[in-house]
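J.: Line by line, the protein sequences give chains A and B. In terms of the numbering used here, the first sequence is residues 1 to 405. In terms of the numbering used here, the second sequence is residues 1001 to 1405. Below is a structure I'd like to ask you about.
Number of protein chains: 2
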Amino acid sequence: MTAAPAFEPAFARRMDRMKASEIRELLKLLERPGVISFAGGIPDPKLFPAEAAAEAYREALANPAAAAAALQYSVSEGYLPLRAWIGAHMAEQGVPADPDNIMITAGSQQGLDFLGKLLINPRDTVLTLAPTYLGALQAFSAYEPRYESIRPADGNRTPEALRQSAAAAGGRVKFAYFVPDFANPTGETLSLEARQNLLDLARELEASVVEDAAYRALRFSGEPLPSLQALDVAATGSLEASRVVYLGTFSKTVAPGLRVGWVCASKAMIAKLVLITQASELNVSIINQIVMQRIASRLHGDLIERAREHYRLKRDALLAALAAHMPAGVSWTRPEGGLFVWVTLPEGVDGAALLARSVEEVNVAFVPGGAFHPDGGGANTIRLSYSLPSPEAIREGVRRLASLL
Amino acid sequence: MTAAPAFEPAFARRMDRMKASEIRELLKLLERPGVISFAGGIPDPKLFPAEAAAEAYREALANPAAAAAALQYSVSEGYLPLRAWIGAHMAEQGVPADPDNIMITAGSQQGLDFLGKLLINPRDTVLTLAPTYLGALQAFSAYEPRYESIRPADGNRTPEALRQSAAAAGGRVKFAYFVPDFANPTGETLSLEARQNLLDLARELEASVVEDAAYRALRFSGEPLPSLQALDVAATGSLEASRVVYLGTFSKTVAPGLRVGWVCASKAMIAKLVLITQASELNVSIINQIVMQRIASRLHGDLIERAREHYRLKRDALLAALAAHMPAGVSWTRPEGGLFVWVTLPEGVDGAALLARSVEEVNVAFVPGGAFHPDGGGANTIRLSYSLPSPEAIREGVRRLASLL
Chain A
1 MTAAPAFEPA FARRMDRMKA SEIRELLKLL ERPGVISFAG GIPDPKLFPA EAAAEAYREA
61 LANPAAAAAA LQYSVSEGYL PLRAWIGAHM AEQGVPADPD NIMITAGSQQ GLDFLGKLLI
121 NPRDTVLTLA PTYLGALQAF SAYEPRYESI RPADGNRTPE ALRQSAAAAG GRVKFAYFVP
181 DFANPTGETL SLEARQNLLD LARELEASVV EDAAYRALRF SGEPLPSLQA LDVAATGSLE
241 ASRVVYLGTF SKTVAPGLRV GWVCASKAMI AKLVLITQAS ELNVSIINQI VMQRIASRLH
301 GDLIERAREH YRLKRDALLA ALAAHMPAGV SWTRPEGGLF VWVTLPEGVD GAALLARSVE
361 EVNVAFVPGG AFHPDGGGAN TIRLSYSLPS PEAIREGVRR LASLL
Chain B
1001 MTAAPAFEPA FARRMDRMKA SEIRELLKLL ERPGVISFAG GIPDPKLFPA EAAAEAYREA
1061 LANPAAAAAA LQYSVSEGYL PLRAWIGAHM AEQGVPADPD NIMITAGSQQ GLDFLGKLLI
1121 NPRDTVLTLA PTYLGALQAF SAYEPRYESI RPADGNRTPE ALRQSAAAAG GRVKFAYFVP
1181 DFANPTGETL SLEARQNLLD LARELEASVV EDAAYRALRF SGEPLPSLQA LDVAATGSLE
1241 ASRVVYLGTF SKTVAPGLRV GWVCASKAMI AKLVLITQAS ELNVSIINQI VMQRIASRLH
1301 GDLIERAREH YRLKRDALLA ALAAHMPAGV SWTRPEGGLF VWVTLPEGVD GAALLARSVE
1361 EVNVAFVPGG AFHPDGGGAN TIRLSYSLPS PEAIREGVRR LASLL
């Protein structure tokens, strides 16, 4: 591969600030009347199971004994029936997990923070794809790692070279962070071969792999691929021997407002994360865990089915509109799931400058791709999310955006 | 004062383990049939406003627009109407806070974690009272401080001596952590003079003060004392100039199951904590914040009134039973609020050994005080919480316990 850009902590810190201010700017944009926004990466609230949630909260508080448990402190590892449900859900995907392999987190973002806290010493190395999910880098950066980008699809620097770079920086390669399915921001998916390459590399480096499965359930075309954790469990023979830590969430399939996600890992890893939870928020809101268990056990399959169909129509509308309206020299990814399409503009067209014009002249918002490239590349890329606008708004938005190019 | 015991990080780590295993043991004890437990420090679920919570959840999900907001992601600083309510609540206590002085946390325990993350570099010094709340030390210890105990009521080592110790350890005094009102584990309250001493010391050391107000609202006798933050705001003229960071919580006045607490501090401090929240769980469950705002704005005064009366009766029962049954040589604190009485047994009587006998012979549980003394002292102390048992059970439990002495 070509030389990997190394994200230095200073870049990561700069990014933190960018993200904070960027989010505020984006929120302001979303308040503009008539704006068509491809900026958010948040789920469509039309999909939220509001009635099922209302019913589950009602049940959780329906009698004094239930309310006494639902409103009290609880155990740091999480509500046992929810952990059991998630264990069975993981088993369906080839990871035989029992409840002691599961810890509940306040969304998978909290899992990222806790893994950074557990695994990273200052100057350790984290391997990632560039671009990748900014929120993960933001979580890890508090613990002062350096980042090195790898491309498991195209071949990598040798393990020895990575090990030496990490040692020269004063630490070691602690883990690789990947969103293998429909990644934020690109919408791209790691091939089976890339997954195997990544696991081989981690094995040779004796490093962990943090698998962020935020969008995994939202596949609406193509063949499902095994998770990194399922592949590693198959290779090593057991979850206890696996080096993969899997972060799941209900935020994209049920609703983010309850802040319920999970970590699935070896029992030894979960035991350490439970101590970290105990020293942080003690436990994820127990009433929300009870409610999520009720919703998931009743509706999870239906909700996923509905979300897939909903987002598939929107993705199709976006891809068709891009094909119909974008001039030559513009290319884009064709995601098989998730919420994002990644657009590459002709060389020399600046995504941030385009956003300024786009908001001003045609009332369309998106996220410039440079924000996801802490090494300074990607100026001519933009991220389009199709999760919130309707198919009609998507078509109109792309038509307007293309008119600027 | 006498030489201050310095808690070394190794002790803190040992404590973490003690607490984890201890909690499991205590939970097991609580499941024994017929046990009278003074062990828990958790609020009495009889006080939880279950119906008001059910009503508020129903309202939060009553129509599609409300549900779309209540189940979505939200801003990291927290729900504005709740921050406004808390700002007004702080103002009633002499701290003129506007919403930008407030950040919502997942209970005040999360505030402790985030403050450790923000303020502590390895080998920095944290000043505390010994014994103090173990969960705070557990939160801070992840960031590898050293601890030094001070006694603001009895005079302290000079600021210069503390500064030199901190420098010799390789850092500086970053903050003092105190629970000024009805502390866990002793139930004791810092006098006005001790509060002033503590603030003077912090000012001379240019250190922050972390005020953990977990039990502050639960005063049921004696005269209310101003919070450390109110005193410092009065002295410095503004919250922006104050060095006190105040941690509040609804866990002891409404219910812990929603995980809603807050930090009140200067806007500069809040802005930094918001970035930390953004890199951790993104935002505290928004539906829980909406529900808490509704409960607090409707019922907070009533709930506090009811809790004060409820716990006052239990404290009175405990103090009366101790006076009636305990043999000479046993002494105890007389808390004016909160949930705990701290009992000192005759020299040579070991609290941990007494617990073993007590559980075995008379079916009574409590927490041995040694657990709160990481420096190895306090073997002859025990913590009794009156929050969960009824007044009758309290009387019977003390009678049984005294029979062992």
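Ideal Cβ placement from N, Cα and C applies to all residues, glycine included. As the structure is a prediction and not an experimental result, all values here were calculated from the model.
#1: Using a Cβ-Cβ distance under 7 Å, would residue 1048 of chain B count as near chain A?
#2: Within a Cβ cutoff of 8 Å, which residues of the same chain sit near residue 1035 of chain B, ignoring the five residues on either side of it in sequence?
#3: Using a Cβ-Cβ cutoff of 7 Å, what residues of the region 1107 to 1124 of chain B are near chain D? List them in chain order.
#4: Look up residue 177 of chain A in the DSSP assignment and say whether it is helix, strand or coil.
#5: Assuming residue 1032 of chain B contacts residue 281 of chain A under a Cβ cut-off of 8 Å, what Cβ separation, rounded to an integer in Å, is found between them?
#6: Just by C-beta distance, which residues in the region 1239 to 1264 of chain B are closer than 8 Å to chain A?
#7: Would you be able to state if there are at least three C-beta pairs under 8 Å between the region 1177 to 1191 of chain B and the region 1321 to 1339 of chain B?
#8: Examine the ligand MG and report whether any of its heavy atoms sits within less than 6 Å of the Cβ of residue 1069 of chain B.
#9: Determine which residues of the region 267 to 287 of chain A have a Cβ less than 8 Å from any Cβ of chain B, and write them out in chain order.
#10: Among A:100, A:95, A:134, which one has its Cα closest to the Cα of residue 373 of chain A?
#11: According to the neighbour-count rule (16 or more other Cβ atoms, all chains shown, within 10 Å of its Cβ), is residue 2 of chain A buried or exposed?
#12: Would you say residue 1045 of chain B faces chain A, with C-beta separation under 7 Å as the test?
#13: Under DSSP, the beta strand (DSSP E) around residue 248 of chain A begins and ends at which residues?
#14: Does DSSP classify residue 80 of chain A as helix, strand or coil?
#15: Can you confirm whether the region 1143 to 1160 of chain B touches the region 1297 to 1312 of chain B when touching is taken to mean that 3 or more C-beta pairs between the two stretches lie within less than 8 Å?
#16: What residues in its chain sit with their C-beta under 7 Å from that of residue 1391 of chain B, if we drop five residues either side in the sequence?
#17: So which of A:401, A:348, A:395 has the shortest CA-CA distance to residue 367 of chain A?
#18: Starting from residue 306 of chain A, find everything on chain B with Cβ-Cβ shorter than 8 Å and list it in chain order.
#19: For the candidate residues A:101, A:218, A:51, whose alpha-carbon lies nearest to that of residue 269 of chain A?
#20: Roughly how many whole angstroms lie between the Cα atoms of residue 1232 of chain B and residue 1177 of chain B?
#21: Is it buried or exposed, residue 1324 of chain B, if we count other Cβ atoms within 10 angstroms and call 16 or more buried?
#22: Where does residue 1099 of chain B land, buried or exposed, given buried means 16+ other C-beta within 10 angstroms?
#23: If you measure from the beta carbon of residue 1056 of chain B to each beta carbon in chain A, is any gap under 7 Å?
#24: Could you tell me the alpha carbon to alpha carbon distance between residue 396 of chain A and residue 66 of chain A, rounded to whole angstroms?
#25: How about residue 112 of chain A and residue 136 of chain A: are their beta carbons less than 7 Å apart?
#26: Pick helix, strand or coil for residue 1266 of chain B, following the three-state DSSP scheme.
#27: Residue 379 of chain A to residue 322 of chain A, Cα distance in whole Å?
#28: How would you call residue 1283 of chain B, buried or exposed, if buried means at least 16 neighbouring beta carbons within 10 angstroms?
#29: Quick one: which chain B residues come within Cβ less than 9 Å of residue 134 of chain A?
#30: What three-state label does DSSP hand residue 95 of chain A in the structure shown?
#31: In this structure, does DSSP put residue 1261 of chain B in helix, strand or coil?
#32: Locate the alpha helix (DSSP H) running through residue 398 of chain A, then write down its first and last residues.
#33: Counting pairs of Cβ atoms below 8 Å between the region 71 to 83 of chain A and the region 219 to 231 of chain A, do you hit three or more?
#34: Let me confirm a value: residue 193 of chain A is counted as buried when at least 16 other C-beta atoms fall within 10 Å, else exposed. Which label applies?
#35: Expressed to the nearest angstrom, what Euclidean distance is found between the alpha-carbon atoms of residue 148 of chain A and residue 293 of chain A?
#36: So with Cβ pairs under 7 Å, would you call residue 1102 of chain B a contact of chain A?
T.: On the basis of the coordinates in this document:
#1: As a first step, residue 1048 of chain B is located in the second sequence; it is residue number 48 there, counting from the start. Residue 1048 of chain B counts as touching chain A.
#2: Reading the second sequence from its first residue, position 35 is the one you call residue 1035 of chain B. Taken in chain order, the residues that qualify are 1029, 1359, 1363, 1364, 1365.
#3: Chain labels in this structure do not include chain D; the protein chains are A and B.
#4: The residue you call residue 177 of chain A lines up with position 177 of the first sequence. In this structure, residue 177 of chain A counts as strand in the three-state DSSP scheme.
#5: Counted from its first residue, the second sequence places residue 1032 of chain B at position 32. Counted from its first residue, the first sequence places residue 281 of chain A at position 281. Their Cβ separation, rounded to whole angstroms, is 29 Å, which puts residue 1032 of chain B and residue 281 of chain A out of contact at 8 Å.
#6: Among the residues of the region 1239 to 1264 of chain B, those with a Cβ less than 8 Å away from any Cβ of chain A are 1251, 1255, 1256, 1257, 1258, 1259, in the order of the chain.
#7: Yes, the region 1321 to 1339 of chain B touches the region 1177 to 1191 of chain B.
#8: The ligand MG is not part of this structure, which contains no ligands at all.
#9: 274, 275, 276, 278, 279, 280, 281, 282, 283, 284, 285, 286, 287
#10: Locating residue 373 of chain A in the first sequence gives position 373, where the first residue counts as 1. Comparing Cα positions, the closest option is A:134.
#11: In the first sequence, residue 2 of chain A corresponds to position 2, counting from 1. Any reading at residue 2 of chain A is ruled out, since the residue's pLDDT is 31, under 50, leaving its predicted position unreliable.
#12: On the second sequence, residue 1045 of chain B is found 45 positions in, with the first residue counted as 1. Yes - at least one Cβ of chain A is within 7 Å of the one on residue 1045 of chain B.
#13: Translated into the one-based positions of the first sequence, residue 248 of chain A becomes position 248. Counting along the chain, the beta strand (DSSP E) containing residue 248 of chain A begins and ends at 244 to 249.
#14: As a working mapping, residue 80 of chain A is identified with position 80 in the first sequence. Residue 80 of chain A falls in the helix class under three-state DSSP.
#15: no
#16: Within the second sequence, residue 1391 of chain B is the residue found at index 391, counting from 1. 1313, 1314, 1317.
#17: As a first step, residue 367 of chain A must be located in the first sequence, where it is residue number 367. Of the candidates A:401, A:348, A:395, the one whose C-alpha sits nearest the C-alpha of residue 367 of chain A is A:401.
#18: Position 306 of the first sequence, counted from the start, is the residue given in the question as residue 306 of chain A. Residues of chain B passing the Cβ test: none, with the nearest at roughly 15 Å.
#19: One-based indexing of the first sequence puts residue 269 of chain A at position 269. Selected option, being the one with the closest Cα: A:101.
#20: Within the second sequence, residue 1232 of chain B is the residue found at index 232, counting from 1. Within the second sequence, residue 1177 of chain B is the residue found at index 177, counting from 1. Straight-line Cα distance between these residues: approximately 15 Å.
#21: To locate residue 1324 of chain B, count along the second sequence from 1; it is residue 324. Result: exposed.
#22: Residue numbering aside, residue 1099 of chain B sits at position 99 when the second sequence is read from its first letter. Per the 10 Å Cβ criterion, buried.
#23: As a position in the second sequence, residue 1056 of chain B is number 56, starting the count at 1. Cβ-Cβ to chain A under 7 Å: no for residue 1056 of chain B.
#24: As a first step, residue 396 of chain A is located in the first sequence; it is residue number 396 there, counting from the start. As a first step, residue 66 of chain A is located in the first sequence; it is residue number 66 there, counting from the start. Rounded to whole angstroms, residue 396 of chain A to residue 66 of chain A spans 50 Å at the Cα level.
#25: Working through the first sequence from its first residue, we reach residue 112 of chain A at position 112. Working through the first sequence from its first residue, we reach residue 136 of chain A at position 136. Their beta carbons are under 7 Å apart, which means residue 112 of chain A touches residue 136 of chain A by this criterion.
#26: As a working note, residue 1266 of chain B is residue 266 in the second sequence. Note: residue 1266 of chain B maps to coil in three-state DSSP.
#27: Reading the first sequence from its first residue, position 379 is the one you call residue 379 of chain A. Reading the first sequence from its first residue, position 322 is the one you call residue 322 of chain A. The straight-line gap from Cα to Cα measures roughly 19 Å.
#28: Translated into positions along the second sequence, residue 1283 of chain B becomes position 283. Its Cβ being crowded by 16 or more others within 10 Å, residue 1283 of chain B is buried.
#29: Reading the first sequence from its first residue, position 134 is the one you call residue 134 of chain A. Within chain B, no residue comes near residue 134 of chain A; the closest Cβ sits about 10 Å away, beyond 9 Å.
#30: Looking up residue 95 of chain A in the first sequence gives position 95. In this structure, residue 95 of chain A counts as coil in the three-state DSSP scheme.
#31: For the purposes of this step, residue 1261 of chain B is identified with residue 261 of the second sequence, where counting begins at 1. If DSSP states are grouped into helix, strand and coil, residue 1261 of chain B belongs with the strands.
#32: Here residue 398 of chain A corresponds to residue number 398 of the first sequence, with the count starting at 1. It spans 391 to 403 - the alpha helix (DSSP H) in which residue 398 of chain A sits, taken as one unbroken run.
#33: no
#34: Position 193 of the first sequence, counting from 1, holds the residue named residue 193 of chain A. Exposed is the call here.
#35: Numbered from its first residue, the first sequence carries residue 148 of chain A at position 148. Numbered from its first residue, the first sequence carries residue 293 of chain A at position 293. For residue 148 of chain A and residue 293 of chain A, the distance between alpha carbons rounds to 38 Å.
#36: Within the second sequence, the letter at position 102 stands for residue 1102 of chain B. It does not: the Cβ of residue 1102 of chain B has no partner Cβ on chain A nearer than 7 Å.
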